[in-house]
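Contents: one structure, followed by commentary.
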Amino acid sequence: MHFHLDSLWHAKDGAMEFALTNCGDTPVTNPRLIYTTLVRTLRPSRCTGATLVRRQANFHEYASESGFVLNPGETWRFTEHSLTRPAQHSNEGPKSAGVILEDGTLVPAFASELQAPKAIGETAPIENVTLSCGVLPQPNQVEVSHWCANAPMHYAVAQRDLATIQAVSHVADLTRRLYPLAPVPFVLTAKDDVPQLQITTDASLGKEAYRITWKNGQPTLFHATNQGLLYGLITLSQALTNAHQDSANYGVPFTGEISDAPRHEWRGAHLDVSRQIYPMEQVLRYVDIMAWHKMNRFHWHLTDDEGWRLEIKAYPQLTDVAAHTGLDLPVLPQLGADPAGQGGFYTQEDARQVVAHAATLGVEVMPEIDVPGHCACVLGALPELVDSEEPESYWSVQGYGNNALNPAIEGSYTFATKVLEEVLEIFPFEVVHIGGDEVAENAWMQSPKAQAMMRETGLKGTFELQAYFLRQIQDFLADRGRKLGGWEEVAHGGGLDPEKSLLFAWTTVEKTAELANDGYDVVSTPGQAYYLDMALSDAWYAPGASWAGFTPLDKTYAFEADNGDAALQGRLKGVQGCMWSEHLTTLERRNHMIYPRLNAIAEAGWSEAENKSFERFAALAEVMPRL
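Just so we're aligned, residue 672 is where the sequence shown starts under this note's numbering, counting upward by one.
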């Protein structure tokens, strides 16, 4: 369920009006609204449209009329005339709000700030050649002949179809979370003098495309799908927000048009929560910032040698043991801020919350369960998956001995499929990433079980064994209607069925075209440009990794995944930034390393190359949100 509360100040009557819209999918009978505000109801209440049930200090509860049904898309409006004093500021409306259902359940509601008694902002046209639309990624066509003399506080949305009001409320809420000091960009109920946003469908537009026209300061947003609607609303919200933040440089059109569509289908951002586990609020905010930049794929790297981060009910050992490092645990303390180790995991309900939150913002979540390599924590927690006769004979590039699931042990397949069964229940996205990277070249070669398997099957060496293992996983996923995602090493040892695979090229800038030549669909994420853990410079005190060199912002911004290679046509699905967390031990370092390079990758994913401008981007990136 989702509810949106607008409040309006009526100065002439000294009254406060409330408008609660049901943005959910089910009717609500006999709702009660609760809210907290400094402008309090004065007893006896003089309310039209509702009844005051109780009030204590700043807490208020109002009931609808008996038998009242608030249907999806409809609004319950009431006005309180008996108040302690006149409101003077927008923050004197509800600070928080919720709806109490008939069974007593409390559902939080989004509460916009109190609207002024008359529209604020002079929308008369002006010509100003120094202004631009503060929108990032840069839209692909922008034509503005006149600007509003002052940006309107918000737009009122009159349409009442459910998909529209849901998208409007979600983008209003997103803006509030990212810019708590800026006016909410959209309201569902407003006075007549507030500029009206008209929203209409245009079947000729692409799936993620939109068009916005302004006439006399009034915008019309055209879209063909809910995704296009969402992106158009985000563009409007960015334009309003940045015009309020920096009116000397950014404005809102009075007369003009934006016509826009993405360059790439896949516009991804990756987050490693194994090396450092981040609190849920930071994961959700990362998704928020992605959505604000029209990025649509969240690659959640949930497992690695250092820690297992997702609750799996079939294997409680994963969260009891593998989710922790410590001096007396299988995996000793690794790269965290605490020398005694760290631990933690996300419950399945946490993961579902992330998926649901992302879905409201047009972001799909691709989970990564890393197999067969990067499994030091798994093998420490589940010793039955180890060949007891195999000596410590190989070491990963990170220094872990014997850290890969053994393809000659039947339990490896049972483990992987049982884990993935639960993962598929949580994550509906078509692609499930299984890692497949950085298995040491001589892995399993001294395992008696692996030696016997190679004699029986004719498989030769580490990578043919790995390919055999991954083919079983690919078939398992394909039988359930899913596609296997993996790092570029999935192509080793004979590889997998390209038609059921999506690979991520990371070691070199050339690797994308190489994989495409082999028939794989591919996402470009080279360490030399798109790894957000790479140091920004070669200065001694510049934090970050160095294996791929250093990556200043202008290098990330300038990189073009589509280099004109014919093999990339139809195979290059998009671009992705990767945030590996070995070096990102504090919030300050995360912000320093991720932003604004992630913003640059967002623009590479959306904007055509000829529309990019580093000078424009660098200035606008400074006002974009951080973790």
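Just so you know, even glycine gets a beta-carbon here, dropped at the ideal spot from N, CA and C. Remember, predicted model here, so these are calculated numbers, not experimental data.
List in chain order: all unbroken alpha helix (DSSP H) runs of 4+ residues lying wholly within the segment 816 to 863.
-> 833 to 849
Could you tell me the boundaries of the beta strand (DSSP E) in which Glu1253 lies?
-> Numbered from 1 along the sequence shown, position 582 holds the residue referred to as residue 1253. Premise fails: Glu1253 is in no beta strand (DSSP E) and is neither H nor E.
What residue does the alpha helix (DSSP H) around Asp1146 start on, and which one ends it?
-> Taking the first residue of the sequence shown as position 1, residue 1146 is located at position 475. Note, Asp1146: alpha helix (DSSP H), Gly1132 to Asp1150.
Among Leu676, Val865, Asn1074 and Leu904, the one whose alpha carbon lies nearest that of Val806 | As a working note, residue 806 is residue 135 in the sequence shown. Checking every option, the nearest Cα to that of Val806 belongs to Leu904.
Have a look at Leu741 and Ala1187 and give me their C-alpha separation to the nearest angstrom.
-> Numbered from 1 along the sequence shown, position 70 holds the residue referred to as residue 741. Numbered from 1 along the sequence shown, position 516 holds the residue referred to as residue 1187. In a straight line, the C-alpha of Leu741 is about 53 Å away from that of Ala1187.
Would Ser875 be called buried (16 or more neighbouring beta carbons within 10 Å of its own) or exposed?
-> Stepping through the sequence shown from its first residue, residue 875 is reached at position 204. When all chains shown are included, Ser875 counts as exposed.
Please classify Arg831: is it buried, with 16 or more other beta-carbons within 10 angstroms of its beta-carbon, or exposed?
-> Mapped onto the sequence shown, residue 831 falls at position 160. With fewer than 16 Cβ atoms within 10 Å of its Cβ, Arg831 is classed as exposed.
What residues match up with Pro779 in a beta bridge as DSSP calls it?
-> To locate residue 779, count along the sequence shown from 1; it is residue 108. DSSP output for Pro779 lists Gly769 as bridge partner(s).
DSSP three-state assignment for Tyr921, whether helix, strand or coil | By 1-based counting over the sequence shown, the position of residue 921 is 250. Residue state, collapsed to three classes: strand.
Starting from Ile1082, follow its DSSP beta bridges and name the residues at the other end.
-> The residue given as residue 1082 occupies position 411 in the sequence shown. The residue you asked about is not Ile; residue 1082 is Gly in the sequence shown. Bridge partners of Gly1082: none, in fact.
Do the segment 925 to 935 and the segment 849 to 867 meet, that is, are 3 or more Cβ pairs less than 8 Å apart?
-> no
Taking just the CA atoms, how far does Ala1176 sit from Ser1195?
-> Along the sequence shown, one-based indexing puts residue 1195 at 524. Along the sequence shown, one-based indexing puts residue 1176 at 505. Cα to Cα, Ser1195 sits roughly 5 Å from Ala1176.
Kindly indicate the opening and closing residues of the beta strand (DSSP E) around Pro1038.
-> As a working note, residue 1038 is residue 367 in the sequence shown. Start and end: Glu1035 to Val1042.
Take Gly1051 and list the residues in its own chain whose beta-carbon comes closer than 6 Å to its own, dropping the five residues that flank it on each side.
-> As a first step, residue 1051 must be located in the sequence shown, where it is residue number 380. Closer than 6 Å at Cβ, skipping near neighbours: Pro1001 and Val1002.
Taking the continuous beta strand (DSSP E) assigned at Ile948, which residues delimit it?
-> Position 277 of the sequence shown holds residue 948. It is not in any beta strand (DSSP E) - Ile948 carries neither H nor E in the DSSP assignment.
If you draw a straight line from the C-alpha of Val958 to the C-alpha of Pro788, how long is it?
-> Taking the first residue of the sequence shown as 1, we reach residue 958 at position 287. Taking the first residue of the sequence shown as 1, we reach residue 788 at position 117. One C-alpha to the other measures close to 35 Å.
Taking Ala1271 as the reference, give the member of Cys1249, Leu1258 and His1254 with the closest Cα.
-> Indexing the sequence shown from 1 puts residue 1271 at position 600. Taking only the C-alpha atoms, the option nearest Ala1271 is Cys1249.
Every unbroken alpha helix (DSSP H) inside the segment 1178 to 1243 [4 residues or more] = 1182 to 1188, 1198 to 1201 and 1224 to 1229
Buried or exposed for Glu648, please, with buried defined as at least 16 other CB atoms from any protein chain shown within 10 angstroms of its CB.
-> Not covered by the structure: residue 648. The range shown for the chain is 672 to 1298.
Kindly indicate which three-state DSSP category Tyr902 falls into: helix, strand or coil?
-> Translated into the one-based positions of the sequence shown, residue 902 becomes position 231. It is helical.
Taking C-beta to C-beta, are Gly1082 and Glu1109 nearer than 8 Å?
-> Working through the sequence shown from its first residue, we reach residue 1082 at position 411. Working through the sequence shown from its first residue, we reach residue 1109 at position 438. In this structure, Glu1109 does not lie closer than 8 Å to Gly1082 by Cβ.
Please find out if some non-hydrogen atom of the ligand ZN comes closer than 7 Å to the beta-carbon of Ala861.
-> With respect to small molecules bound, the structure shown includes none, and the ligand ZN cannot be examined in it.
Roughly how many whole angstroms lie between the Cα atoms of Pro1010 and Pro1004?
-> If you number the sequence shown from 1, residue 1010 lands on position 339. If you number the sequence shown from 1, residue 1004 lands on position 333. Between Pro1010 and Pro1004, the C-alpha separation is close to 6 Å.
Would Ala968 pass as a contact of Glu1035 if the rule is Cβ separation under 8 Å?
-> Working through the sequence shown from its first residue, we reach residue 968 at position 297. Working through the sequence shown from its first residue, we reach residue 1035 at position 364. In the sequence under discussion, the amino acid at residue 968 is Arg, which differs from the Ala named in the question. Cβ distance < 8 Å, so Arg968 and Glu1035 count as in contact.
Would you mind reading off the limits of the beta strand (DSSP E) that contains Glu1159?
-> Against the sequence shown, residue 1159 aligns to sequence position 488. Here Glu1159 belongs to no beta strand (DSSP E), and DSSP marks it neither H nor E.
Strand pairing of Lys886, partner residues [DSSP] | Sequence index remark: in the sequence shown, residue 886 carries index 215 (1-based). Answer is Gln889, bridged to Lys886.
Which of helix, strand or coil DSSP assigns to Thr1018 = Mapped onto the sequence shown, residue 1018 falls at position 347. Of the three classes helix, strand and coil, the one that applies to Thr1018 here is coil, per DSSP.
If you drop the 5 nearest sequence neighbours on each side, which residues of the same chain put their C-beta closer than 8 Å to that of Leu1299?
-> Residue 1299 lies beyond the range of the chain shown here (672 to 1298); nothing can be said about it.
Inter-residue spacing [alpha-carbon to alpha-carbon] between Phe674 and Gly888 = In the sequence shown, the residue the question calls residue 674 occupies position 3. In the sequence shown, the residue the question calls residue 888 occupies position 217. Between Phe674 and Gly888, the C-alpha separation is close to 29 Å.
Output yes or no for whether 8 Å exceeds the beta carbon distance between Val1042 and Leu1076.
-> Start at 1 with the first residue of the sequence shown, and residue 1042 comes out as number 371. Start at 1 with the first residue of the sequence shown, and residue 1076 comes out as number 405. In contact: Val1042 and Leu1076 (Cβ atoms closer than 8 Å).
Endpoints, the alpha helix (DSSP H) within which Thr1128 is located | Here residue 1128 corresponds to residue number 457 of the sequence shown, with the count starting at 1. First-last of the alpha helix (DSSP H) with Thr1128: Pro1119 to Thr1128.
According to the Cβ coordinates, are Glu1060 and Pro1119 closer than 8 Å?
-> The residue labelled residue 1060 in the question sits at position 389 within the sequence shown. The residue labelled residue 1119 in the question sits at position 448 within the sequence shown. Taking 8 Å as the Cβ cut-off, Glu1060 and Pro1119 qualify as a contacting pair.
What three-state label does DSSP hand Thr912 in the structure shown?
-> Working through the sequence shown from its first residue, we reach residue 912 at position 241. Here Thr912 sits in helix by DSSP.
For Trp963, three-class secondary structure by DSSP = Here the question's residue 963 lines up with position 292 in the sequence shown. In this structure, Trp963 counts as helix in the three-state DSSP scheme.
What is the residue span of the alpha helix (DSSP H) that Ile1272 lies within?
-> Counting from 1 along the sequence shown, the entry for residue 1272 is found at position 601. Arg1268 to Trp1277 is the span of the alpha helix (DSSP H), which, as asked, contains Ile1272.
Are the beta-carbon atoms of Ala782 and Tyr706 separated by less than 8 Å?
-> Residue numbering aside, residue 782 sits at position 111 when the sequence shown is read from its first letter. Residue numbering aside, residue 706 sits at position 35 when the sequence shown is read from its first letter. For Ala782 and Tyr706, yes; Cβs fall inside 8 Å.
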